[in-house]
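Trainee: In our numbering, the protein residues as written are 4 to 265.
The beta carbon of each residue, even a glycine, is placed where N, CA and C say it ideally should be.
One structure, as structure tokens, below. Some questions next.
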């Protein structure tokens, strides 16, 4: 039997902005549509979860969502969404939005934002390459092992995960706006569960975000999750007694009205 090939991260293929703008301009000119815009979000997500030293769940997903808006001669807008970015798919979305514009809101119809063409402030957010799924799994397994070894009362980490994501966003409109954004991110979450004899189980957690898996603060997340969980073990009953409670006039009237309506 041949050995199974290791899973690798998916590669996100983003649409070409210039090609999309050219197609939209040609299609809308042919269909007699003067005012329109198009927003696209493409995503590539990979995540892993583990349970007591074993893989629990490995997921990889790619998604594409496009929203098309078309304004008719009366200024009413129709909206459609699609995940088909081919010429035929976008043409069908334009036609659907044009037909839907007949039923648009005549009281407060939206307009194209004049700020869509304003210059954007450059952001220093370089894209980072995606790591293979096997790398994510190995790091999360090691992270779980470190959490379990921190305290004898911590027996499981029932809620955990390591995920990475790549997003491509694009906006085009009939006024000449063309904006695109590309980002990468990674997330680690750990929620250990601690239990001692004769006491209720306690759980606490921590989350870390970073531009990439390699930039995640694994040690900091482990330390915070375990410290918070262990600190909850030393709990005691809250002292009860008689306390003076002061109501404002409005709060007192609200209380009367609440019971008066029963």
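How many angstroms separate the CA atom of residue 190 from the CA atom of residue 73?
Mentor: Position 187 of the chain shown holds residue 190. Position 70 of the chain shown holds residue 73. Spanning the two alpha carbons is a distance of roughly 37 Å.
Trainee: Leaving out five residues before and five after residue 233 in sequence, what residues of the same chain have Cβ atoms less than 6 Å from its Cβ?
Mentor: Counting from one through the chain shown, the residue named residue 233 turns up at place 230. Correct list, in chain order: 154.
Trainee: What do you get for residue 211, buried or exposed, if any count of 16 or more other CB atoms within 10 angstroms of its CB means buried?
Mentor: The residue labelled residue 211 in the question sits at position 208 within the chain shown. Buried.
Trainee: Starting from the Cα of residue 50, find the closest Cα among 63, 178 and 250 and give me that residue.
Mentor: Here residue 50 corresponds to residue number 47 of the chain shown, with the count starting at 1. Ranking the options by Cα distance to residue 50, first place goes to 63.
Trainee: Relative to the C-alpha of residue 78, which candidate in 113, 60 and 89 has its C-alpha closest?
Mentor: Here residue 78 is taken as the residue at index 75 of the chain shown, counted from 1. For the residues 113, 60 and 89, the minimum Cα distance to residue 78 belongs to 113.
Trainee: Just verifying my parser: in three-state terms, what is the DSSP assignment at residue 52?
Mentor: For this step, residue 52 is matched to residue 49 along the chain shown. Here residue 52 sits in strand by DSSP.
Trainee: Given a threshold of 16 other Cβ atoms within 10 Å of its Cβ, counted over all protein chains shown, does residue 133 qualify as buried or as exposed?
Mentor: If you number the chain shown from 1, residue 133 lands on position 130. Residue 133 comes out buried.
Trainee: If you run the structure through DSSP and keep just helix, strand and coil, what is residue 252?
Mentor: Working through the chain shown from its first residue, we reach residue 252 at position 249. Residue state, collapsed to three classes: helix.
Trainee: Among 19, 119, 256 and 86, which has the Cα closest to the Cα of residue 178?
Mentor: Translated into positions along the chain shown, residue 178 becomes position 175. Ranking 19, 119, 256 and 86 by Cα distance to residue 178 puts 119 first.
Trainee: Out of 130, 99 and 198, point me to the one whose CA is closest to residue 36's CA.
Mentor: Here residue 36 corresponds to residue number 33 of the chain shown, with the count starting at 1. Closest option to residue 36, Cα to Cα, is 99.
Trainee: Roughly how many angstroms lie between the CA atoms of residue 144 and residue 67, to the nearest whole one?
Mentor: The residue labelled residue 144 in the question sits at position 141 within the chain shown. The residue labelled residue 67 in the question sits at position 64 within the chain shown. Cα to Cα, the separation comes out at about 31 Å.
Trainee: Is any beta-carbon of chain B found at less than 8 Å from that of residue 30?
Mentor: In the displayed structure, chain B is absent; only one protein chain is listed.
Trainee: Among the residues of its own chain, which have a CB less than 6 Å from the CB of residue 220, if the five just before and after it don't count?
Mentor: On the chain shown, position 217 is the one that residue 220 refers to. Contacts found: 211.
Trainee: Does DSSP classify residue 143 as helix, strand or coil?
Mentor: Indexing the chain shown from 1 puts residue 143 at position 140. In the structure shown, residue 143 sits in a helix (DSSP, three-state: H, G or I).
Trainee: By the three-class DSSP mapping on this structure, what secondary structure does residue 26 have?
Mentor: Counted from its first residue, the chain shown places residue 26 at position 23. Three-state DSSP puts residue 26 in a helix.
Trainee: Going by alpha carbons, who is nearest to residue 45 out of 76, 168 and 162?
Mentor: Residue numbering aside, residue 45 sits at position 42 when the chain shown is read from its first letter. Of the candidates 76, 168 and 162, the one whose C-alpha sits nearest the C-alpha of residue 45 is 168.
Trainee: So, residue 205 versus residue 161, is the Cβ gap smaller than 8 Å?
Mentor: Here the question's residue 205 lines up with position 202 in the chain shown. Here the question's residue 161 lines up with position 158 in the chain shown. Their beta carbons are not under 8 Å apart, which means residue 205 does not touch residue 161 by this criterion.
Trainee: Thinking C-alpha only, which one of 38, 27 and 244 is nearest residue 89?
Mentor: On the chain shown, position 86 is the one that residue 89 refers to. Here the closest residue by C-alpha is 27.
Trainee: What residues in its chain sit with their C-beta under 7 Å from that of residue 61, if we drop five residues either side in the sequence?
Mentor: Taking the first residue of the chain shown as 1, we reach residue 61 at position 58. Excluding residues within five positions, the ones whose Cβ falls inside 7 Å are 10, 51, 136 and 140.
Trainee: Does DSSP put residue 92 in a helix, in a strand, or in coil?
Mentor: Sequence index remark: in the chain shown, residue 92 carries index 89 (1-based). DSSP places residue 92 in helix when its eight states are reduced to three.
Trainee: For the alpha helix (DSSP H) holding residue 229, just list the boundary residues, first then last.
Mentor: Here residue 229 refers to the residue found at position 226 when the chain shown is read from its first residue. 221-234 is the extent of the alpha helix (DSSP H) around residue 229.
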